[in-house]
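In what follows, a single structure is set out as structure tokens and then discussed.
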Amino acid sequence: MTLRLYNTLTRRVEPVQPLQQGRVSLYTCGPTVYNYAHLGNFRTFLFEDLLRRWLEASGYEVFHIMNVTDVDDRTIAAARDKGVSLRAHVDPFARAFEEDRDWLRIRPAHAQPRATEYIGPMIELIQGLLDRGVAYVGDDGSVYFAIARFPAYGRLSQLDRRELRAGASERVSADEYAKEDARDFVLWKAARPEDEAVGAAWDAPFGRGRPGWHIECSAMALELVRRHWGTEVLDMHAGGVDLIFPHHEDEIAQSCAYTGRDEFARVWLHGEFLNIRGEKMSKRFGNITTARDLREDGVDPGAVRLLMFQVHYRQKLDLTDEALAGSQEGSRRLGEFQRRLLEARAETDGPGFSEAAERLERELTEALDDDLNGPRAVAALFAFATAGNAALDGGEQPGARALGAWERAEGILGVTSEVQTFRVTEASGTITETRLTPPTDAEAVGQWARNWAALRKQAKMERNYATADQIRDMLQSAGWDVRDNKDGSVEVVRTPAGVRR
RNA sequence: GGCGCCGUAGCCAAGUGGUAAGGCAGAGGUCUGCAAAACCUCCAUCACCGGUUCGACUCCGGUCGGCGCCUCCA
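Residue numbers (my numbering): 381 to 881.
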């Protein structure tokens, strides 16, 4: 079995065949840091994270590049509105992105280049295109790419099969008249006073200005992959479906025209949109939810990943409260199972465990090799949890095989919630706990929870069920569950937000 | 107007030319002082109408419904 992926370029699922044996270069279009990234953005980054992890788990040496767009119309406009420099506006959002990324357990790219740090390579690329005669300086002083001089234009988005509707976009650009052909796109925008005001202008042989949108990806990808592995072609390039046209189409045009090669990336991967209550999540619609919104609501990142991976990356995903609540419950169940599993670890696998482990390994591989089928991969994980729980109930213990299979699968998916739990085996008669709501700092919470667990244990031993029940009710209203285990221990368990009873 | 995606149980969602994974919710049961957790069992005939086929949810055509892209939105 080998990994097969859907390639937008060919519109087919095809086997992955890297340029260099065992190595994959992966370029993913990153965030524009004019604001907080929303869950729609993160859906794409999560699908790319799954891809990255699966490639690595499959034995590939991956070189992952994710750009950070810190200069474009929106960042400049936002900085100007706020009356600060571009840099001052963008830095906090770049940091916020990294926090959110880490929270969602997304592996950082090996290279995370910022557009403003690669102005040099961009200028070089644009100059190269001018020298080759496929770019020209327009009447407005900006540099444009001449589509007419690049015959392969439109292959990715099947433009030859489309008719552009005049005025379909309401964003009619003011520089329309400066271009030779309405479809030509800008490589370098001549500096305007607004750009200068926020420090978004650079000198170039063809005039002072700033980069167009697409040029950064080409320049940074080519520069980094050349430096790292000495190639001029990427194995994979990924992004959201909206980037197919014009962004990726334009990247191909300018990159290939520059390198003289007929491909820029061999496989083009595109993740579908996240909708919210039926509509595309977008700043324009004012319907965005950010990662930090969920974090503040107490949602576990594992639940967010589960929600995303339960839908195939090429299908639209509709975010609703019900769907999120469902994922939280599932993620919680996996979290409690994981805890049981690790606590029961032994030298050798029980029969139920070795069978379940074999199945998990096989099903996970089949699912992910088949165009990154997250839903099936997740189903395999749940099947293992159910079988494992049953085995544990039957007194079996998991050995190296089962633990290895679980850790590998969960290490790729990362859909399991952290479950906070505090256990007490013996009642201590001297404890007095009077705080009804848990303290805020982590240390004290443990003490608090254990105290209540011990008090319930005490009450139960005295057959004082009224008190025992009272303690449970109180804990539940504070968002905690009580577990009376068969071995006599009492646990107090934090219930994830959104699944409280 | 052009290009494209989708419509599977209360909700989310895989899948496939031969009689529908998984998750959440729900029902019953085991366990429990009662619970919780866990486990077991149950819960659909795949929008609609035609056609192709021995056989279609899966292929073709149409209808209805939802969504996306069409120059700077992941």
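From the three backbone atoms N, C-alpha and C, an ideal C-beta is built for every residue, glycine too.
From the options, residue whose alpha carbon lies closest to that of residue i
i	options	result
ILE668	ASP642, ALA645, VAL647 and THR700	THR700
VAL404	LEU426, LEU435, TYR414 and ARG392	LEU435
TRP828	VAL872, VAL795 and ASP867	VAL872
LEU654	GLU842, ALA417, VAL413 and LEU406	ALA417
LEU674	LEU687, GLY666 and LYS663	LEU687
THR745	ALA437, CYS409 and VAL870	ALA437
TYR498	LEU740, ARG590, ALA724 and ILE811	ARG590
PRO934	TRP568, ARG481 and ARG423	Absent from the model: residue 934. The displayed extent of the chain is 381 to 881, so no value can be given.
GLY890	GLU727, ALA580 and GLU576	The first residue shown for the chain is 381 and the last is 881, placing residue 890 beyond what the model contains.
LEU855	ARG657, VAL870 and ALA771	VAL870
GLY587	LEU697, ARG646 and TYR516	TYR516
ALA618	ALA765, LEU383 and HIS627	HIS627
GLY859	GLY868, ARG494 and GLN800	GLN800
GLN850	GLU842, PRO411, ARG836 and ARG843	ARG836
ALA580	ASP453, ASP480, THR796 and GLY513	ASP453
ILE445	VAL621, VAL795, VAL862 and MET600	MET600
ASN415	PHE443, ARG391, ALA476 and GLY439	ALA476
PHE733	TRP786, ASP583, SER465 and HIS469	TRP786
VAL470	ALA759, LEU430, GLU479 and VAL448	VAL448
ILE503	THR424, ALA558, PRO585 and GLU428	PRO585
THR805	THR390, LEU431 and GLN838	GLN838
Contact under 8 Å by Cβ, residue i with residue j
i	j	result
LYS840	ALA834	no
LEU385	ARG685	no
ALA789	ALA767	no
LEU484	ALA757	no
SER711	ASP677	no
THR455	VAL396	no
ALA577	ARG460	yes
LEU399	THR639	no
LEU509	ALA645	no
LEU752	TYR693	yes
SER797	LEU721	no
ALA474	GLY521	no
GLN690	GLY794	no
ILE624	SER537	yes
CYS597	GLU631	yes
ARG529	VAL514	yes
ARG481	PRO488	yes
Beta bridge counterpart(s) of residue i as assigned by DSSP
i	result
TYR516	TYR524
MET616	LEU406 and VAL647
HIS608	In DSSP, HIS608 forms no bridge with anything.
THR670	HIS418
PHE565	PHE525
ILE656	GLU659 and LEU699
PRO488	The partner list for PRO488 (beta bridge, DSSP) is empty, contrary to what the question assumes.
ARG590	LYS569
LEU385	GLU394
GLN330	Lying before the first or after the last residue shown, residue 330 is absent from the chain, which here runs from 381 to 881.
ASP927	Given a span of 381 to 881 for the chain in the structure shown, any question on residue 927 remains unanswerable.
THR412	THR449
TRP582	GLY589
ARG494	VAL448
Burial state of residue i, where buried means 16 or more other Cβ atoms lie within 10 Å
i	result
PHE802	buried
VAL393	exposed
ARG882	Because residue 882 is not part of the residues shown, which for the chain are 381 to 881, the question remains open.
VAL552	Confidence is the limiting factor: at VAL552 the pLDDT is only 42, short of 50, which leaves the residue's position unreliable, though a coordinate-based value still follows. Its Cβ having fewer than 16 others within 10 Å, VAL552 is exposed.
PHE665	exposed
PRO472	exposed
GLU821	The displayed chain sequence assigns Asp, not Glu, to residue 821. The residue is exposed, with fewer than 16 neighbouring Cβ atoms inside 10 Å.
ALA562	exposed
ASN865	exposed
GLY775	exposed
ASN387	buried
PRO876	buried
ARG545	Low local confidence applies: a pLDDT of 48 at ARG545 is under 50, so the model's placement there is unreliable, and no value is given.
GLY410	buried
ASN844	exposed
GLY592	buried
GLN695	exposed
ARG830	buried
THR812	exposed
ASP322	Outside the displayed range of the chain (381 to 881) lies residue 322, so it cannot be described from this structure.
LEU383	buried
SER635	buried
- Sequence ranges, beta strand (DSSP E) only - wholly within the stretch 435-486, length at least 3: 441-446
- Message: To test your reading of the DSSP string, which unbroken beta strand (DSSP E) runs of 3 or more residues are found completely within the stretch 692-754?
- Response: 697-699
- Item | Any beta strand (DSSP E) of 3 or more consecutive residues that is wholly inside the stretch 794-854 | 801-804
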